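Chemist: Questions regarding the structure given below will be posed in turn.
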Amino acid sequence: MILGCIASLPQLAPSIQLYLQSVRSGLHQAIETIPWSYLPTLVAPDILGNPVTRNDWFGHYAEWASYIGVFPLMFAFAPVALDLRNKYVRFYGVLGLLAILTAYQTPIGALLVAAKIPVLSTSALSRTIILFSFAASVLAGIGFEGVQLAWDKKQKRRIVALVLVFGAFFALLWLSISSGNILFLRAPSAEKLLVARRNLLLPSGLFILSSLYMLSGFVVGRRWRNLLTIAAVGVVVLDMLRFSGKWMPFDPPNYVYPEIPVMSYLSKQSGNWRVFGNLGNEALGTFGVYGVEGYDPLFITRYGKFVTASSNGVIGTPARSTVLFDKQGAYTKRLMDIMGVRYFFHSKGDGRNIWAFPFWKYPDSSGSPVYSDDHYEIYENIHALPRAYIAESYIVAVSDDDLIGRLLDPSMDLRNTVILEEDPNLTKHAGASTHASAEENQASIERYSPNEVTIITNAKQEAILFLSDAYYPGWNAYVNGQRTKIYRADYAFRAVVVPEGRSTVRFVYENWFL
């Protein structure tokens, strides 16, 4: 275990650091525990419907699925019946039991939340069901061998008892459906009962085959045992391919990443600029385009608070798993400018509905579309601040509220003034810039990668270089090869002091664990 932890440190260490910086690290709540009425899906995964066939009606299929196959599940219980003295059986048996008790609705979930155990108390408890699937799969392998040993030792009674227990569970399911409910789920419609009845047929058939296989070894010779074992493995393979292929099919890459003209345009045109519209980073990132929002279980709390200010200029509580700007927010456009959002993505089907960003309210910055096809339009935001620029003036805010207030003040010239949280003590700073032109104070991004950003600057005097990338521990900055301090600027971003003249500035992510 120690060696495993050491080997996984390159992944564990940054994950722990991100977790501590995220919104979730402070949200302790018991959410998404699995109700016991979902238990039948252990043997019949589609008894309550399937999202693919659009007839699922209860539960969260993607999160709660724990099906490993009827054959393997029966074999997983075989070691418990045959050899509890085996240390592996005890270990994986306890792991599987704890996973069930944690994922399903039991007092254990409330205890975990009360204890504020990281990750377990801040995530969906139902996801621990994967540990049951893993433990049961290991036990199934042990049980598969154990059943064959039981044949040789004539341990028929325990195998029969195991078959009878599973048979009783299947009988209970059929009786509950016949009586008009599905194991604790009262009064489902006739259509839902029909789905349950139909989707219980195959698992019942697999149970019969598995039972016959387990019992046949006591009455047939070794040659037949071998043939039946090969057949049993084949049945399991086909069953799991059917189950997984229905939910997560294998498709050609061009179906997953199709050629979309509007995304091709953004990929070629946007460069380091950011894009905003009704699609998140989970879509934009696939095409190498930078966005500002989307679904993400772990995102920086500070950035999440920055996003909340888009509505009314007040710092709020970020959402648990999503980063979404208020499309109709009073300050959304200004925040877009600060972050270097150069392009607005608009679906023509959205029209001017409330869920679309109202770019038409800013004709002076958006104008006519720079791209248009049958479905989408792209508008260029000419007022977007550069992703990296030099400001000669800075202000030190006294609090977060003061900082946000100044940041959103329309009279504040953010192109020439950066708002910091501590004083960098610039040599020539006098509270105002010399109003040098953009040509005199230059900053150009020469290299932009996930772990390194290189910027060439040419400053008229000692000044502040602002980069609209998130402020985050682990990043170091070097000016002309000398390490320098990174200041948090404009609430959530980065800034460094650069000297007069030409300089090379490198932001490098080089945490101790890399």
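Residue numbers for the sequence shown follow the numbering used here, so the first one is 10 and each next one is one higher.
Using N, Cα and C, we set each Cβ at its ideal position, and we do this for glycine too.
As the structure is a computational prediction, the values presented were derived from the model and not from experiment.
(1) Just the C-alpha distance for lysine 201 and aspartate 65, rounded to the nearest angstrom, thanks.
(2) Okay, do the segment 278-295 and the segment 111-121 touch, 3+ Cβ pairs below 8 Å being the bar?
(3) Cβ atoms of tyrosine 496 and proline 433: under 8 Å apart, would you say?
(4) With a CB to CB cut of under 8 Å and the five nearest residues on each side skipped, what residues in its chain are close to isoleucine 186?
(5) To the nearest angstrom, how far is it from the Cα of arginine 167 to the Cα of serine 34?
(6) In or out: histidine 355 buried (at least 16 other Cβ within 10 Å) or exposed?
(7) Pull up the distance between the alpha-carbon of leucine 460 and that of isoleucine 56, whole angstroms please.
(8) When you compare each of Val98, Thr463, Val405 and Leu120 to glutamine 38 by their alpha carbons, which one comes out closest?
(9) To the nearest angstrom, how far is the alpha carbon of leucine 12 from that of asparagine 362?
(10) Opposite alanine 133 in the DSSP bridges: which residues?
(11) Per DSSP, which one or two residues make a beta bridge with tyrosine 480?
(12) From which residue to which residue does the alpha helix (DSSP H) around threonine 310 run?
(13) If I'm right that lysine 431 touches valine 405 with Cβ under 8 Å, what's the distance once you round it to whole angstroms?
(14) For glycine 105, which of helix, strand or coil comes out of DSSP?
(15) Quick check: aspartate 478 and valine 488, are their CB atoms within less than 8 Å of each other?
(16) Mind checking serine 319: buried by the 16 CB within 10 Å criterion, or exposed?
(17) With 16 as the cutoff for other CB atoms within 10 Å, does asparagine 290 come out buried or exposed?
(18) Using a Cβ-Cβ cut-off of 7 Å (strictly less than) and excluding sequence neighbours within five positions of phenylalanine 175, which residues of its own chain qualify?
(19) Could you please give the first and the last residue of the uninterrupted alpha helix (DSSP H) stretch that includes leucine 293?
(20) Would valine 298 count as contacting chain C if we go by Cβ distances under 8 Å?
(21) Helix, strand or coil for glycine 440 per DSSP?
(22) By how many angstroms is the C-alpha of asparagine 235 removed from the C-alpha of glutamate 72?
(23) Taking the C-alpha atoms as reference points, what is the distance between threonine 513 and glutamate 519?
(24) Can you tell me which residues form a DSSP beta bridge with histidine 355?
(25) If we ignore side chains and look at the alpha-carbon of each, how far apart do leucine 21 and alanine 145 end up?
(26) Sort Lys163, Gly254 and Leu110 by Cα distance to proline 60 and report the nearest one.
(27) Just checking, does the segment 226-234 make contact with the segment 82-100 on the three C-beta pairs under 8 Å criterion?
(28) Exposed or buried, what is methionine 223 when buried is set at 16 or more other beta-carbons lying within 10 Å of its beta-carbon?
(29) I'd like to know if the segment 378-393 and the segment 258-275 are in contact, where contact means that at least 3 CB-CB pairs between them fall below 8 Å.
(30) Pull the bridge partners of threonine 493 from the DSSP assignment, please.
(31) Near lysine 165, which residues of its chain fall below 6 Å by C-beta distance, leaving aside the five closest residues on each side in sequence?
(32) Grab the span of the beta strand (DSSP E) containing asparagine 467 for me, first residue to last.
(33) In whole angstroms, give me the CA-to-CA distance for glycine 483 and arginine 456.
(34) Which value, in whole angstroms, describes the spacing of the CA atoms of isoleucine 8 and leucine 36?
(35) Does the segment 371-378 come into contact with the segment 309-324, if we say contact requires no fewer than three beta-carbon pairs (one atom in each stretch) closer than 8 Å?
(36) Given a cut-off of 8 Å, decide if glutamate 389 and asparagine 450 are closer than it, judged by their beta-carbon atoms.
Modeler: Let me lay it out:
(1) 9 Å
(2) no
(3) yes
(4) Leu202, Ala205, Arg206 and Leu209
(5) 47 Å
(6) buried
(7) Per the sequence shown, the amino acid found at residue 460 is asparagine instead of leucine. Approximately 47 Å between the Cα atoms of the pair.
(8) Leu120
(9) 56 Å
(10) Ile40
(11) Beta-bridge pairing links tyrosine 480 to no other residue.
(12) 310-321
(13) The question names lysine, but residue 431 is glutamate in the sequence shown. Glutamate 431 to valine 405, Cβ: 7 Å. Contact.
(14) helix
(15) no
(16) buried
(17) buried
(18) Met83 and Phe216
(19) 290-293
(20) Absent from the structure: chain C. Only one protein chain is present.
(21) Note that glycine 440 has pLDDT 47, beneath the 50 cutoff, so the model's placement of it is unreliable and the number below is only indicative. It is coil, neither helix nor strand.
(22) 37 Å
(23) 18 Å
(24) Glu386
(25) 25 Å
(26) Gly254
(27) no
(28) buried
(29) yes
(30) Ala486
(31) Phe227
(32) 461-468
(33) 19 Å
(34) An answer regarding residue 8 cannot be provided, because it is not within the stretch 10 to 523 covered by the chain.
(35) no
(36) no
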